[in-house]
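Asks:
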Amino acid sequence: MSLVLAASLLLKALAIPLLAKIAWVDFSTQKIANRDVLLLLCLGLGSLQLLSVQAGSWWDMGMSAIAGLVLFIALFPFWVLRKVGAGDVKLMAVTPFLVGG
12 MSLVLAASLL
22 LKALAIPLLA
32 KIAWVDFSTQ
42 KIANRDVLLL
52 LCLGLGSLQL
62 LSVQAGSWWD
72 MGMSAIAGLV
82 LFIALFPFWV
92 LRKVGAGDVK
102 LMAVTPFLVG
112 G
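Set out below in structure tokens:
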């Protein structure tokens, strides 16, 4: 296993405890902090960037960005109608960056 792949997996592994923290705080306070979502985005982007450098293609990162945009656009009306919270919409928009690649 190359060092780049190991670093990418480490970044994804670091997202797991952060997701657990977000779930706990969201369950108890109904709030998702912007800094937590931004940190998840940075972990996901970092992991995808490392994978893209190793593969020599930016396809996965582009597809994750498109998927995140589509999820944000699809869920935004539900936030306007107060069916979901803004934190949930932001979290779902970041998810493709974490699972992509």
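In this note's numbering, the protein residues as written are 12 to 112. Glycine is no exception: its CB is placed at the ideal position from the N, C-alpha and C atoms. Bear in mind the structure is a predicted one, so any value in this text is a computation, not a measurement.
1) At the 9 Å Cβ level, is LEU52 part of the contact set with chain C, yes or no?
2) For ARG93, does the three-state DSSP call read helix, strand or coil?
3) Under 8 Å Cβ to Cβ from ASP71, same chain only, skipping five residues before and after it: list those, please.
4) Closest to LEU20 by C-alpha separation, out of LEU54, ILE77, PHE38, would be which residue?
5) Can you say whether PHE108 is buried or exposed, counting buried as having 16 or more other CB atoms within 10 angstroms of its CB?
6) Given 8 Å as the limit, is there contact between the segment 17 to 32 and the segment 71 to 91, that is, 3 or more CB pairs closer than that?
7) Please list, in chain order, all residues of the same chain as PHE87 whose beta carbon is under 7 Å from its beta carbon, the five residues on each side excluded.
8) By the DSSP assignment, the alpha helix (DSSP H) with ALA66 in it spans what residues?
9) Compute the Euclidean distance between the alpha carbons of ILE33 and THR40, then round it to the nearest angstrom.
10) So, using beta-carbon positions, are LEU16 and GLY57 closer together than 9 Å?
Replies: With the structure as the only source:
1) Of the chains in the structure shown, none is chain C; there is only one protein chain.
2) For the purposes of this step, residue 93 is taken as the residue at position 82 of the sequence shown. Note: ARG93 maps to coil in three-state DSSP.
3) In the sequence shown, counting from the first residue as 1, residue 71 sits at position 60. For ASP71, where only same-chain residues beyond five positions count, the Cβ hits under 8 Å are LEU59, LEU62, SER63, GLY111, GLY112.
4) In the sequence shown, counting from the first residue as 1, residue 20 sits at position 9. If we check each option's Cα against that of LEU20, LEU54 comes out closest.
5) The residue labelled residue 108 in the question sits at position 97 within the sequence shown. Under this definition PHE108 is a buried residue.
6) no
7) For the purposes of this step, residue 87 is identified with residue 76 of the sequence shown, where counting begins at 1. The answer, listed in chain order, is VAL100.
8) As a position in the sequence shown, residue 66 is number 55, starting the count at 1. That run of the alpha helix (DSSP H) goes 45 to 66.
9) If you number the sequence shown from 1, residue 33 lands on position 22. If you number the sequence shown from 1, residue 40 lands on position 29. Cα to Cα, the separation comes out at about 10 Å.
10) One-based indexing of the sequence shown puts residue 16 at position 5. One-based indexing of the sequence shown puts residue 57 at position 46. Their beta carbons are not under 9 Å apart, which means LEU16 does not touch GLY57 by this criterion.
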